[in-house]
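Okay, structure first, notes after.
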Amino acid sequence: MAFDPSIISQIPDMAPNPVAAKQEGITLATNQLKATEQKEAYQDSQKARNVLKGVKLDSPQDVTKAAEKLTQAGLPDQAMSFMKSMQGLQESKGNLQLQQYKMMEVKNDLIGGAVAGLVGQYDQQIQQGASPALAAAMMQPRYQQAIQQLAQAKLPDGSPVLGPQDLQQIQQNAKFDPQFLRSIAERSKQGAAALKTQLEFHKQDTADKAEANRERATDISAKREEDYSRSISDKEVQAKIKNEMKKAAILDDEDLLPMAKQYLAGDKSVLQNLGRGDAGAANIANMRRAIRKEAQAEGLTPADIAGRMGQFNAFMAEERAVGTRQAAIDVASTEASKVFPIVEKASLAVPRGKWVPVNQIVQNFEKYKSDPAIGRFAQAIDTTVNVYARAINPTGVPHEAARQRALKLLNAATDQEGFQAVIDIMKSEIEAAKTSPDTVRDDIMRSFKESVAPKPDSPAGIAAQGAEGTGAATPAPTGPPQSGDYSHLWKK
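Here our numbering = 1-based position in the sequence shown + 73.
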């Protein structure tokens with residue numbers, strides 16, 4: 074196939090363009106940054122709305138408190154923007170109020186000037202010798218003309234000089250009345266003085282508020298810088314405290330030795346929750362090392378340790394079984410301690426002349442139940458037999474054999490003294506049943522301790538034998554640590 078030279082001109086277009094790739098990367102990064110900023114701005118805006126929800130903004134002090142809340146919520150930029158917006162709103166409100174004062178001043182000047190002119194012309198007619206009625210009649214056309222001019226006049230903001238109330242008042246005084254006009258002139262003069270005072274006060278108040286806003290903005294800015302500095306300082310303090318707490322949470326030698334011995338006795342629960350917290354990993358590692366060192370000191374192999382786990386499980390099962398039986402015996406013996414006085418009392422209530430052997434009462438209950446004393450005695454006997462059988466065999470349903478044995482003992486009583494002797498024997502048997510689980514528990518514990526004792530030929534076993542032989546504690550070894558000191562494992 075022949076070579077096409079025109080392909081050479083296409084090589085630059087086909088080759089990678091690093092400049093374009095860089096520009097595309099910058100554009101992509103910029104777009105991602107804008108999207109992130111927009112998302113953060115939206116989240117901050119929602120957070121600011123929640124902070125300002127229900128907050129009063131009736132006074133500058135309320136505005137300042139609201140800005141402080143935004144700053145405390147971690148929104149210093151929103152706080153500054155909020156302050157600027159509220160300041161702008163206050164300035165707009167002040168400007169509107171100032172414009173209203175100026176419009177009132179213009180209106181007062183126009184009405185006051187027109188009224189003063191009419192009153193002056195009227196007074197001049199009087200001075201020239203005209204009567205009040207004639208002077209008023211001569212001023213009526215000028216009065217009407219002045220009213221028309223004021224009705225058509227406009228204020229600088231385009232609103233009419235005379236409002237609806239003004240026009241209504243003039244219609245009620247359509248005729249020229251010098252007294253009415255003098256009262257208007259006087260009110261106009263007073264209004265001018267009041268407006269002047271109000272304008273001066275407004276000017277000063279606006280200046281004071283502007284200064285207060287600048288001070289608040291400065292305080293907020295300073296507080297933002299202070300909070301930022303404090304946050305850095307707080308983080309450093311928290312990091313230091315966290316580090317100290319981590320050090321304090323690391324188990325020392327006094328903790329590790331008994332925990333290692335507990336584990337080697339078969340109790341794995343010593344490892345539960347050991348890995349929690351910042352010091353968890355270190356504690357687990359130190360614990361594992363301590364277990365290994367203690368196992369070496371006691372001469373234990375991994376198989377021995379596994380065997381001890383099984384022995385511990387068996388020990389716990391035995392303890393549970395004994396505890397369960399102990400609880401059942403305690404319940405039954407407690408019930409018996411309540412029942413025995415009842416049967417003893419019922420026995421004494423039967424007169425000696427009417428005493429009937431227990432076996433006859435049981436076999437011929439229908440015959441003897443008509444006698445109240447013997448009937449109560451028979452019922453008490455039945456209850457005593459059941460309680461005795463349950464105390465002797467506390468698990469499950471009382472055995473019939475235990476009931477028959479109790480009846481056999483009671484049948485042997487031919488009088489009240491013999492009956493009391495049998496009850497005393499039953500009490501002794503129940504007390505023996507009650508104390509037997511404690512003896513069994515002691516035997517189980519002694520056997521378990523012997524099974525988990527260090528091997529006699531191990532360093533720990535030899536040390537224990539030496540301590541038993543001399544009656545004193547074994548001195549600390551001078552060579553490498555054997556048991557109890559594990560600080561060398563992690564302290565460098």
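Positions of the beta carbon are idealized from the N, C-alpha and C atoms, including for glycine.
Item, Value
"Beta carbon of residue 378 nearer than 8 Å to that of residue 363", "no"
"Of the residues 208, 211 and 216, the one placed nearest residue 190, counting alpha carbons only", "216"
"Residue(s) in a DSSP beta bridge with residue 205", "Bridge partners of residue 205: none, in fact."
"Whether residue 254 touches residue 188 by CB criterion (8 Å)", "yes"
"Rounded C-alpha distance that separates residue 458 from residue 509", "21 Å"
"Sequence-distant residues of its chain with Cβ nearer than 8 Å to residue 406 (five each side left out)", "464, 503, 504, 506 and 507"
"Residues of its chain near residue 192, where Cβ-Cβ distance is below 8 Å and the 5 sequence neighbours each way are ignored", "251, 254, 255 and 258"
"DSSP bridge partner residues for residue 233 (one or two, in chain order)", "227"
"Beta-carbon spacing of residue 450, residue 434 below 8 Å", "yes"
"Extent of the continuous alpha helix (DSSP H) run through residue 410", "375-421"
"Pick from 490, 488, 467 and 495 that is closest to residue 480, judged by C-alpha positions", "495"
"Local conformation of residue 487 per DSSP, three classes", "coil"
"Anticipated Cβ contact below 8 Å, residue 228 with residue 176, distance rounded", "5 Å"
"Inter-residue Cα distance where the pair is residue 211 and residue 174", "36 Å"
"Integer Cβ distance of residue 125 from residue 139, believed to fall under 8 Å", "6 Å"
"Nearest-angstrom Cα separation, counted from residue 430 out to residue 467", "29 Å"
"Buried versus exposed, by CB contacts within 10 Å (16 or more), residue 462", "buried"
"Range of the contiguous alpha helix (DSSP H) that encloses residue 343", "Looking at the DSSP string, residue 343 is not in any alpha helix (DSSP H), and its letter there is neither H nor E."
"Three CB pairs or more closer than 8 Å across the region 271-281 and the region 198-213", "no"
"Residue 530 to residue 524 span [Cα, whole Å]", "15 Å"
"Residue 386 classed as buried or exposed, judged by whether at least 16 other C-beta atoms fall within 10 angstroms", "exposed"
"Residue 358: first and last residue of the uninterrupted alpha helix (DSSP H) it sits in", "353-370"
"Burial state of residue 359 (16 or more Cβ within 10 Å)", "buried"
"Terminal residues of the alpha helix (DSSP H) in which residue 455 lies", "445-465"
"For residue 122 and residue 83, the rounded distance between their alpha carbons", "Reliability of the predicted coordinates at residue 83 is poor, the pLDDT of 45 falling under 50, and the value obtained from them is presented with this limitation in mind. Spanning the two alpha carbons is a distance of roughly 59 Å."
"Alpha carbon of residue 225 to alpha carbon of residue 249, nearest angstrom", "19 Å"
"Distance between residue 453 and residue 446 (C-alpha atoms, nearest Å)", "11 Å"
"Burial state of residue 560 (16 or more Cβ within 10 Å)", "Model confidence at residue 560 stands at a pLDDT of 45, short of 50, so the residue's coordinates are unreliable and nothing is read from them."
"Spatial distance of residue 263 from residue 129 (CA atoms)", "37 Å"
"Residue burial classification, residue 498 (beta-carbon count within 10 angstroms, cutoff 16)", "exposed"
"C-beta contact flag for residue 223 and residue 183 at 8 Å", "yes"
"Delimiting residues of the alpha helix (DSSP H) encompassing residue 334", "326-337"
"Where residue 135 falls: helix, strand or coil (DSSP)", "helix"
"Nearest-angstrom Cβ-Cβ length linking residue 322 and residue 351, presumed shorter than 8 Å", "7 Å"
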